[in-house]
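In what follows, a structure is listed as structure tokens, so that the remarks can point back to it.
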Amino acid sequence: MNLSLEELQREYTSALRQHLVLSDEVTFQAAYEIGRRALVEGMGVLDMAAIFHRAMVAVSTPAGTAREAARRFEALESFLLESLSPFEMAHRGAREANTALHRQNEVLEEQVKRIAHEVHDVAGQLLASAHLSLAQMQKKAPQLRTGIAEVRRHLDRIEEQMRRLSHELRPTVLDDLGLLPAIRFLSEGVSMRSGLQVRIESPVVGRLRPPLEIALYRIVQEALTNVVKHARASQVHVGVEVHDGWIHCRVGDDGIGVDRSRASAGAPATGLGLIGIRDRVASLGGTLKIESGQDHGTELCIALPLESAHESSRRAG
Amino acid sequence: MGEGVRVEQESKVRVETEADIVLARQQGRAIARDLGFTLGNATLIATAISELARNIVQYATRGEVILKRIENGSQKGLVVIARDEGPGINDVRRAMEDGFSTSGRLGLGLPGVRRLMDEFNIHSEVGKGTTVTASMWKS
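These protein sequence lines are chains R and C, in that order.
Okay, so the first sequence: first residue is 6 according to this note's numbering, each after it adds one.
Okay, so the second sequence: first residue is 4 according to this note's numbering, each after it adds one.
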């Protein structure tokens with residue numbers, strides 16, 4: 006116990022002792038102020054509970070009449086509530102911030118979707134017009150054929166780049182057909198580029214909540230990129246299934262594996278690109294497990310609740 | 004507060020010292036318990052009073068806390084009005100953001116009070132003072 010905690014404990018115990026003799030606002034205020042100071046000094050609710058427990062033990066007296074005991078319990082409860090009240094305030098703040106973060110994420114995805122659409126459709130139409138103009142130009146001036154052909158090659162390259170960018174931003178197949186078709190589409194691309202064999206197994210049909218589909222798509226995308234970059238694997242399997250209100254997603258490879266000591270700590274995870282996955286999983290209230298051994302490949306096991314905590318609490322409340 | 008809110012009774016506490024904060028809390032808690040608020044909500048009301056009164060002592064030196072019973076149809080509630088003639092707040096919007104002050108970063112202070120109460124309103128003029136009105140309805 007450090008000094009400030011000892012000091013808090015002493016003050017708390019003494020205030021509680023007074024409170025039990027004479028429940029008045031002065032001792033309530035003391036409980037509140039001690040709780041507030043504990044919060045400011047970085048202590049948590051459990052520290053406060055421990056302080057309360059120690060104080061309660063310290064001031065315990067032999068049980069009197071039933072009425073005295075009841076009054077005592079009531080005084081203990083109100084005193085505890087006072088010292089926890091600052092934590093309630095902080096907790097509400099954190100909850101509000103988390104909701105805001107969620108909303109912001111949704112807004113960002115929405116913007117990305119719009120940009121992807123603009124890049125794909127609008128710019129695509131403009132390019133088509135450019136091609137038409139070139140065709141007309143060539144009719145009028147056949148001698149420019151070589152030059153026009155070169156411009157066309159540039160335009161085709163621009164179009165290819167834009168299409169890729171648009172798909173990376175937001176695959177339309179995800180919005181139109183859902184998670185598994187999108188993962189299949191993604192895997193085909195990865196296989197073509199890297200030679201990696203990707204096997205997809207999933208009994209899941211139908212659609213999930215959009216935030217879940219987007220998150221899982223991005224997670225699989227990141228996981229496959231990791232495999233290509235680091236794992237030296239020849240095969241990878243992706244499994245998606247639903248159990249008891251959770252969606253489970255596994256991405257496993259037959260590569261070199263990651264050293265346990267390196268995969269567990271926070272810092273090396275940055276190098277493995279796992280931080281993004283971890284944050285995404287955490288923001289949806291899910292879990293991430295990494296199973297790996299030297300030369301035994303790596304498997305990421307992700308579990309996300311099908312229903313958001315936000316929605317279910319709203320329903321409950 | 005919407006129309007049709009009936010004010011029943013009020014109590015006014017001058018706030019300048021720690022002892023005044025205790026008195027304001029005591030009045031607020033008494034009214035809250037009398038209105039039938041749960042122990043938990045009465046505690047939250049006392050907390051809101053603490054934070055508002057603390058701001059008065061800290062930034063305006065002195066001021067007052069007014070506690071009123073309110074009614075809206077069959078609903079009963081309590082409003083806390085914390086008023087001072089201190090320096091006022093230059094940027095009220097920023098003052099209501101978490102992270103504006105040390106206590107704000109932890110969700111305490113004015114943003115904390117806003118989250119504890121059902122309704123919250125702040126009016127401040129530089130050089131004239133600040134009035135915070137916060138109410139809780141009995142559910």
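All C-beta atoms in this analysis are idealised placements derived from N, C-alpha and C, irrespective of residue type, glycine included.
Because the structure is a prediction, the values reported are computed rather than measured.
{"Asked": "Beta carbon proximity, G98 (chain R) to chain C, threshold 8 Å", "Found": "yes"}
{"Asked": "Cβ-based neighbour list, L44 (chain R), same chain, cut-off 7 Å, excluding 5 preceding and 5 following", "Found": "P91, F92 and A95"}
{"Asked": "Reduced DSSP secondary structure (H/G/I, E/B, other) of E122 (chain C)", "Found": "strand"}
{"Asked": "Chain-order list of residues whose beta-carbon lies under 7 Å from that of S199 (chain R) (same chain, five-residue window excluded)", "Found": "V233"}
{"Asked": "Cβ-heavy atom distance, V95 (chain C) to the ligand FMN, below 7 Å", "Found": "Absence of the ligand FMN is noted for the structure shown, with no ligands found whatsoever."}
{"Asked": "Rounded straight-line distance, which links the Cα of L119 (chain C) to that of S142 (chain C)", "Found": "14 Å"}
{"Asked": "Cβ of R175 (chain R) within 8 Å of any chain C Cβ", "Found": "no"}
{"Asked": "8 Å Cβ cutoff, R28 (chain C) in contact with chain R", "Found": "yes"}
{"Asked": "8 Å Cβ cutoff met for A102 (chain R) and R175 (chain R)", "Found": "no"}
{"Asked": "Contact residues within the region 107 to 127 of chain C, judged by C-beta distance below 7 Å to chain R", "Found": "L109, G110, L111, P114, G115, R118 and L119"}
{"Asked": "Residues, ordered as in the chain, of the region 221 to 243 of chain R that lie near chain C by beta-carbon distance below 8 Å", "Found": "none"}
{"Asked": "Range covered by the beta strand (DSSP E) that runs through R80 (chain C)", "Found": "Arg is not the amino acid found at residue 80 (chain C); the sequence shown has Gly there. Q78 to D87 is the span of the beta strand (DSSP E), which, as asked, contains G80 (chain C)."}
{"Asked": "Within chain R, partners of A137 (chain C) - CB distance below 7 Å", "Found": "Going along chain R, no residue has its Cβ under 7 Å from A137 (chain C), so there is no contact; the nearest lies around 13 Å."}
{"Asked": "Cβ of L81 (chain C) within 8 Å of any chain R Cβ", "Found": "no"}
{"Asked": "Distance CB(G250 (chain R))-CB(L311 (chain R)) smaller than 8 Å", "Found": "yes"}
{"Asked": "Alpha carbon of G31 (chain C) to alpha carbon of T70 (chain R), nearest angstrom", "Found": "31 Å"}
{"Asked": "Terminal residues of the beta strand (DSSP E) in which P310 (chain R) lies", "Found": "T303 to P310"}
{"Asked": "Inter-residue Cα distance where the pair is E144 (chain C) and R86 (chain C)", "Found": "With chain C covering only 4 through 142, there is no way to say anything about residue 144 (chain C)."}
{"Asked": "Cβ of E46 (chain R) within 8 Å of any chain C Cβ", "Found": "no"}
{"Asked": "Contacts around V18 (chain C), its chain only, beta-carbon distance under 7 Å, and the 5 residues preceding and following it disregarded", "Found": "I24, A27, A56, I59, V60, R65, G66, E67 and V68"}
{"Asked": "Close beta carbons around A270 (chain R), own chain, < 8 Å, minus the five adjacent residues each side", "Found": "Caution applies to A270 (chain R), whose pLDDT of 44 falls short of 50 and renders its modelled position unreliable; the model cannot decide the point."}
{"Asked": "Closer than 8 Å to chain R by CB, I24 (chain C)", "Found": "yes"}
{"Asked": "C-beta contact flag for E323 (chain R) and G129 (chain R) at 8 Å", "Found": "The requested residue 323 (chain R) is not part of the displayed model; chain R covers only 6 to 322."}
{"Asked": "Range covered by the beta strand (DSSP E) that runs through M139 (chain C)", "Found": "G132 to W140"}
{"Asked": "Selection from R:L279, R:D259 and R:L217 that minimises the alpha carbon distance to H253 (chain R)", "Found": "R:L217"}
{"Asked": "Residues in the region 36 to 63 of chain C having any Cβ partner in chain R nearer than 7 Å", "Found": "L42, G43, T46, L47, A49, T50 and S53"}
{"Asked": "First and last residue of the uninterrupted alpha helix (DSSP H) at D180 (chain R)", "Found": "T177 to L182"}
{"Asked": "Assigned exposure category for F33 (chain R) - 16 Cβ within 10 Å defines buried", "Found": "buried"}
{"Asked": "Rounded separation between H24 (chain R) and R36 (chain C) - CA only", "Found": "18 Å"}
{"Asked": "Where D101 (chain C) falls, given that 16 or more other Cβ within 10 Å makes a residue buried", "Found": "buried"}
{"Asked": "Nonlocal neighbours in the same chain, by C-beta distance under 6 Å from S14 (chain C), ignoring five residues either side", "Found": "Q30 and L70"}
{"Asked": "Through-space distance from I295 (chain R) to R283 (chain R), alpha-carbon basis", "Found": "11 Å"}
{"Asked": "Cβ separation of R168 (chain R) and H136 (chain R), assumed to be a contact under 8 Å, to the nearest whole Å", "Found": "No, R168 (chain R) and H136 (chain R) are not in contact; Cβ-Cβ is about 15 Å, not under 8 Å."}
{"Asked": "Collapsed DSSP secondary structure at I261 (chain R) in the structure displayed", "Found": "coil"}
{"Asked": "Proximal residues to T275 (chain R) (C-beta, below 8 Å), its chain only, five neighbours per side dropped", "Found": "Because the pLDDT of T275 (chain R) is 43, which lies under 50, any placement of that residue in the model is unreliable, and the question is left without a value."}
{"Asked": "Chain-ordered chain C contacts of S297 (chain R) [CB-CB under 9 Å]", "Found": "What S297 (chain R) touches in chain C: nothing, since even the nearest Cβ is about 38 Å away."}
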